[in-house]
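Take the sequence shown: its letters are residues 1 to 338, numbered as in this note's numbering.
Just so you know, even glycine gets a beta-carbon here, dropped at the ideal spot from N, CA and C.
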Amino acid sequence: MPCTPSRPLRPSIVATLILLVSGCTVGPDYHRPQVNAPATYAQLAGWTQAEPAAGGPKGEGGRVNDPLIDQLEPLVSVSNQTVRQDYANYQQALVEVQIARAGLFPTIGATGSATKNRSASGNAARVVNSGSLEGDVSWAPDLWGQLRRTIEKTAATAQASEATLANATLSEQVALATTIIELRSSDANIDLLQRTVQAYQHYLDVIAEQDKAGTIAPSNLISARTQLETAQSDLISLGVARAQYAHAIAVLVGKNPEELSIQYNTTMPTLPSIPVGVPSTLLERRPDIATAERQMAAQNAAIGVAVSAYYPDVSLSAVDGFTRRCPDCCMWPTTSGR
């Protein structure tokens, strides 16, 4: 039985097959881990399942009431070096998402050149202008979902980077509030020690007069002087500690210590009241939990990227161009294509 040559596949059929295969995505689909939790708790009613959301509203109920904290806290998000570094990492992650998405579209390139040759033969001169232009288009269909898994991975990484930025901002703001509270405590202790030194000085003066009159033992004078000098030494140590707190505050807000002058204030900040049964919404505000969950999603997508490497890749490309030469006249008079 004679063999008849088979007809080549039409381009439309090839394109249809590619589109059908492009719907495949290898690797496991991500599902957020579920924890088997009871419907209710015996000691706490009205609880809800926590949904980590680093970008959600943080609220104002947990703020420390202090004017200095309110003044300097916004600077942490703008000038703190650690926060700025994490912000740059977050911006880089967003760009990587855009780069990954660009792989879904064709790549178009073009090259061109132009030359002018001048030759002389006797008294005659000849000028030849020539030029070429070439364009190419290439596209790699996402047959096995490698690009889609890459986009999924980079998107989850960007979300984890966003949560890391929120975590760094929150950590630096907490450090700022803690340092300001320590500064206020130092101011209160300095005020107390200053009054203590004045009292000890007055006591030493009285003891010195009694020692001159010979009504007390010399050891009482030595004890009073030692007591005064100890208090003065503690006062100096508190002054050094206060300066260190002030320098730490300046670093946290991205300033030099000389640029930030903090006045003495013995008024301690008012701390917020925290209920005994802390609601689960506080856990939802923890950016570190959201970071860990998004990192797990990114690693899950990376499995799909690795699995797709076992399968062949297909790339479609087309190249076209032309070259024209023009002797003794303008460029591009004739056409030759390929």
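Closest Cα partner of residue i within the set the options
{"i": "residue 92", "options": "144, 228 and 158", "result": "158"}
{"i": "residue 272", "options": "27, 34, 25 and 65", "result": "65"}
{"i": "residue 26", "options": "86, 94, 143 and 132", "result": "143"}
{"i": "residue 251", "options": "288, 286, 148 and 176", "result": "176"}
{"i": "residue 237", "options": "24, 105, 187 and 75", "result": "187"}
{"i": "residue 266", "options": "24, 258, 292 and 67", "result": "67"}
{"i": "residue 178", "options": "268, 203, 77 and 307", "result": "268"}
{"i": "residue 146", "options": "307, 105 and 75", "result": "307"}
{"i": "residue 296", "options": "257, 235 and 154", "result": "154"}
{"i": "residue 81", "options": "325, 320 and 172", "result": "172"}
Where residue i falls, given that 16 or more other Cβ within 10 Å makes a residue buried
{"i": "residue 127", "result": "exposed"}
{"i": "residue 116", "result": "exposed"}
{"i": "residue 166", "result": "buried"}
{"i": "residue 229", "result": "exposed"}
{"i": "residue 97", "result": "buried"}
{"i": "residue 317", "result": "exposed"}
{"i": "residue 129", "result": "buried"}
{"i": "residue 36", "result": "exposed"}
{"i": "residue 313", "result": "exposed"}
{"i": "residue 60", "result": "The pLDDT assigned to residue 60 is 46, lower than 50, so where the model puts this residue is not dependable; a value taken from the coordinates is nonetheless given after this. Residue 60 should be labelled exposed."}
{"i": "residue 5", "result": "Note that residue 5 has pLDDT 45, beneath the 50 cutoff, so the model's placement of it is unreliable and the number below is only indicative. Answer is exposed; the Cβ neighbour count stays below 16."}
{"i": "residue 310", "result": "exposed"}
{"i": "residue 152", "result": "buried"}
{"i": "residue 305", "result": "buried"}
{"i": "residue 118", "result": "exposed"}
{"i": "residue 110", "result": "exposed"}
{"i": "residue 217", "result": "exposed"}
{"i": "residue 90", "result": "buried"}
For residue j and residue i, the rounded distance between their alpha carbons
{"i": "residue 70", "j": "residue 30", "result": "41 Å"}
{"i": "residue 134", "j": "residue 315", "result": "19 Å"}
{"i": "residue 364", "j": "residue 270", "result": "The structure shown does not extend to residue 364, since the chain is modelled only from 1 to 338, so the question has no answer here."}
{"i": "residue 162", "j": "residue 254", "result": "21 Å"}
{"i": "residue 169", "j": "residue 138", "result": "44 Å"}
{"i": "residue 292", "j": "residue 160", "result": "7 Å"}
{"i": "residue 150", "j": "residue 83", "result": "27 Å"}
{"i": "residue 88", "j": "residue 73", "result": "20 Å"}
{"i": "residue 114", "j": "residue 108", "result": "21 Å"}
{"i": "residue 106", "j": "residue 140", "result": "7 Å"}
{"i": "residue 148", "j": "residue 33", "result": "22 Å"}
{"i": "residue 75", "j": "residue 287", "result": "20 Å"}
{"i": "residue 112", "j": "residue 136", "result": "12 Å"}
{"i": "residue 240", "j": "residue 260", "result": "17 Å"}
{"i": "residue 174", "j": "residue 79", "result": "15 Å"}
{"i": "residue 198", "j": "residue 235", "result": "12 Å"}
{"i": "residue 321", "j": "residue 294", "result": "47 Å"}
{"i": "residue 290", "j": "residue 156", "result": "11 Å"}
{"i": "residue 401", "j": "residue 203", "result": "Because the chain here runs from 1 to 338, residue 401 falls outside it and cannot be looked at."}
{"i": "residue 258", "j": "residue 28", "result": "56 Å"}
{"i": "residue 57", "j": "residue 233", "result": "Note that residue 57 scores 48 on pLDDT, short of 50, meaning its location in the model is unreliable and no value can be drawn from it."}
{"i": "residue 94", "j": "residue 24", "result": "26 Å"}
Whole-number beta carbon distance between residue j and residue i, since they are thought to touch under 8 Å
{"i": "residue 200", "j": "residue 231", "result": "5 Å"}
{"i": "residue 86", "j": "residue 164", "result": "6 Å"}
{"i": "residue 77", "j": "residue 323", "result": "Actually they are not in contact, since the Cβ atoms of residue 77 and residue 323 sit about 58 Å apart, beyond 8 Å."}
Exercise for review: Kindly confirm or deny that the stretch 295 to 310 and the stretch 208 to 228 touch, where touching means at least three C-beta pairs closer than 8 Å.
Suggested key: no
Point to revise | Inter-stretch contact (C-beta, 8 Å, three-pair minimum) for the stretch 83 to 101 and the stretch 190 to 202 | key: no
Point to revise | Any 3 or more C-beta pairs closer than 8 Å across the stretch 220 to 236 and the stretch 196 to 208 | key: yes
Practice item. For the stretch 243 to 254 and the stretch 172 to 185, state whether three or more C-beta atom pairs, one from each stretch, are separated by less than 8 Å. Key: yes
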